[in-house]
Every structure is written in structure tokens, then in C-alpha cells.
Amino acid sequence: MRSQQILCPTDFSETASHAISYAIEMANFYEVGICLLHVVDKPFGDKYTRVLAVTPEELIERMEREAAEKMQQFINSFDVYFPFESRICHGHPVEQILATEKNINAGMIVMASHGRTGLAHFLNANTAEEIVNKAHCPVLVVK
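Sequential numbering from 1 applies to the sequence shown in full-length UniProt numbering.
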């Protein structure tokens, strides 16, 4: 881990921003880079109407473009002076995070948890929990 890049998946939420601050601290300490990853999930419809008003390809393209803009704003908000890579992909978040972990040979994954409990935890898949159970490197989950 001490010489490998840190993978930091993000959904641009406040919790994800908190997780990236931990990743930055660790990257500074170990003098390694960070790979910031955003996964655009399968489109189910427009974010306002939930009705598919354009072709799936156009919607994916728009979602990726919006994610790229958010990613750049996110990166610009940090004062970092070490290797910083960003990636945007689409698909199932757990699958894409694990594939990226393998592709970059990540030394650690630092990610946010949305902290669901009770029935909400039971009914909704917890991405962080799946990553912890399936990753091949250490995982730090930040609340």
C-alpha cells in the first residue's frame, strides 16, 4: 500500500468530500497519488421526471458530461500537489470500483458510507459494504 495509488470513489456528496480529505492525508503521508473515480449508473430516466425523454445513449452522454463537470469542480476545490487522476465510467458501481481497483493495482480504497441503518439498510444495497467484502486491498469507509 505504501507505494500504490489510493482509489477514492465519489458521488460528489458531502460525505464523499469528507472521504477524499482522508485520502489526501494518506496520500501525503505515503507520498502516493490518488485516483478519483465516479461511476455513472445505468440511466433509468431524466433526473426530474424519471421518464426517458431521449435515447439511452444521449442520456448516458449527458450524465457523463455532467459528471465530468462535477469532477473538475470537485478537483479544483482541493489544494493538492501530488499525482491526481480522475476517471469516469458507467455501469454498476460495485463492479466498476472493483474493476478499477484491479486495473490500477490500488493500495487502498477510501470511500464514503451513507450510513443506512435498519429497514433502509436491509432494502438498499450498501456499496461500501460490498466493496469491503470483495476488495483485494484495505478499505477505509468514512462516515
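Quick reminder that beta carbons are idealized off the backbone N, C-alpha and C, glycines included.
Exercise. Could you check which residue in MET26, ILE6, ILE24, ASP11 has the C-alpha nearest to that of LYS70?
Key: ASP11
Quiz item: Taking C-beta to C-beta, are ILE104 and CYS35 nearer than 8 angstroms?
Solution: yes
Exercise. Return the bridge partner residues of PHE12 from the DSSP annotation.
Key: PHE12 is not bridged to any residue.
Quiz prompt | Top-ranked residue by Cα proximity to GLN5, from ALA16, LEU37, GLU14, ALA112 | solution = Answer by Cα proximity: LEU37.
Self-check item: Where the beta strand (DSSP E) containing GLU85 begins and where it ends
Solution: 84-90
Quiz item: Counting along the chain, where does the beta strand (DSSP E) carrying ALA112 start and finish?
Solution: 108-112
Quiz item: If you follow the alpha helix (DSSP H) that VAL39 is part of, which residue opens it and which one closes it?
Solution: Careful: VAL39 lies outside any alpha helix (DSSP H), inside the beta strand (DSSP E) at 34-40.
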